[in-house]
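In our numbering, the protein residues as written are 3 to 400.
Idealized CB from N, CA, C, for every residue including glycine.
Notes follow once the structure below has been shown.
Written out as C-alpha cells, the structure reads:
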C-alpha cells in the first residue's frame, strides 16, 4: 500500500523494516506495509506495516549439499551474486534449488520500481500539511466509515483479541491501500529481484525480502511468481512485506489460508497482531501537543529518535510543557510545513508502535488523525488548522 510520494518519505525516515508497510505510503512524502524497519516513505508496505528478519531466516531443514544446477544461466541467474544468493537460500534454508533457479531465470528487471523507490531529488522539501491532506480526504474518511460498518464484527473481534482500536486498524489499511483499492500490480518476484540486485542503496534489505518471498511460497506450496503487490514488494490490503507476512499475518477468517489481498478479515487481524506484537498499549494515548519554551534545545530533543525516552522532568528542564503523565515517556516530534509554523508534539509508546509499521512521524500522525476523523462527517481536504501545538519555532528536519 504505498504511493510514490509516501514511499519517498518512507525511504527518508525508515530505518528499514520492521515497519510492516512500504507500498502505498507517501514518503512524508510514502506508506508501505510492515516490514521490519523502513524509512519515512509513503505507505507501501515495506510495511507489517512490516518486515521480520528473524522470520525470514528461520531454517526449514538441515542444510544439505546443493544439487548441481540444471537450469540454463540466463537473465538474473547468469550473475555471480545471484548464484551466491541461490546457493545460500537453498543450502541454508532448504528451498528446492530448481524452484529458485527457474524463478530467477524468469524474473524481469523492472527499472520503474527503482525510479519509484528512490529518495526525493530534494529531501529538504517536506510538508506536513500537504502530506496530511493526502490521507485526510473524503475517500479515506467516508471510505473508512463504510469499511468499519461492513467489517464491524471482525474489527471488534480484533480489538478484543489484540487491544488495538478498530479506528487505528482501519486507518492503517486506509492510508496503505484505500481499503484495498490500490494493492499494487507489480509482480513481487520482479520488484524484489530488481531492488535486491540492481539497487545497491537498499540491496541488503531487499535480498532479505526476496529470500522471505521464496520461503513464503515454499511454506505455502504456492508459485513464487504468483504474488503481486507494490513496487517495493509489499502485499495486500495492509501492504506487508514478505518477512512481515511470515511473522505477523494471521488466518483471522479461519478458512485455513492467509489471504491479505482477498480477505479483509485476515488483513484486519494481521494489522492488529502486528501492532500488538510491536508493543501497542491498550487504552493509552498516541500523541499530545507540546509547548516549547524560548530556550528549548530542539536539536538535542529531536535527536532522541522515535523511541519514547523523555520523562516529565527532562522535558520540563528543557522548557517543554505538556499534559504528559508522571509515569509516561515520550519523544519530541516536529511536523514541518515550509512557509508555515512548525507543529510540535510528544509521541508516546503507541506513536512509536505506528512508526514500526512505517518509520515516519508524518505517517504515524496521519494514521492518528485519520482514526480520529472517522467519528466526524467527511469533508474533502478542509481540515481545520490545529491551534494547540507550539508554533513560533524555526522548522527542523526530523
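Item to check | Length at least 4, wholly inside the segment 101-178: the alpha helix (DSSP H) runs in chain order | outcome: 113-119, 130-137, 140-152, 154-164
Next on the checklist: Tell me the DSSP secondary structure of residue 225 in three-state form.
Outcome noted: coil
Item to check | Boundaries of the beta strand (DSSP E) in which residue 349 is found, first to last residue | outcome: 345-349
Checklist entry - Is it right to say residue 247 is buried, meaning 16 or more other beta carbons lie within 10 angstroms of its own, or is it exposed? => result buried
Checklist entry - Counting pairs of beta carbons, one from the segment 272-292 and one from the segment 318-335, are three or more of them closer than 8 Å? => result yes
Checklist entry - Under the DSSP definition of a beta bridge, which residues are partnered with residue 403? => result Lying outside 3 to 400, the shown extent of the chain, residue 403 is not represented and no answer is given.
Item to check | Helix, strand or coil at residue 338 according to DSSP, with G and I counted as helix | outcome: coil
Item to check | Cβ pair count under 8 Å reaching 3, the segment 194-211 against the segment 262-281 | outcome: no
Checklist entry - If you draw a straight line from the alpha carbon of residue 91 to that of residue 84, how long is it in whole angstroms? => result 10 Å
Checklist entry - So what does DSSP say about residue 379, is it helix, strand or coil? => result coil
Checklist entry - Whose C-alpha, out of 122, 131, 277, is nearest the C-alpha of residue 371? => result 131
Next on the checklist: In this structure, how does DSSP classify residue 323 when only helix, strand and coil are distinguished?
Outcome noted: strand
Checklist entry - Around the Cβ of residue 257, are there at least 16 other Cβ atoms within 10 angstroms (buried) or fewer (exposed)? => result exposed
Next on the checklist: Run through the DSSP bridge pairs and tell me what residue 240 is partnered with.
Outcome noted: For residue 240, which the question treats as bridged, DSSP gives no partner whatsoever.
Item to check | As assigned by DSSP and simplified to three states, the class of residue 188 | outcome: strand
Checklist entry - Span of the alpha helix (DSSP H) holding residue 404? => result Here the chain covers residues 3 to 400 and nothing more, so residue 404 does not appear.
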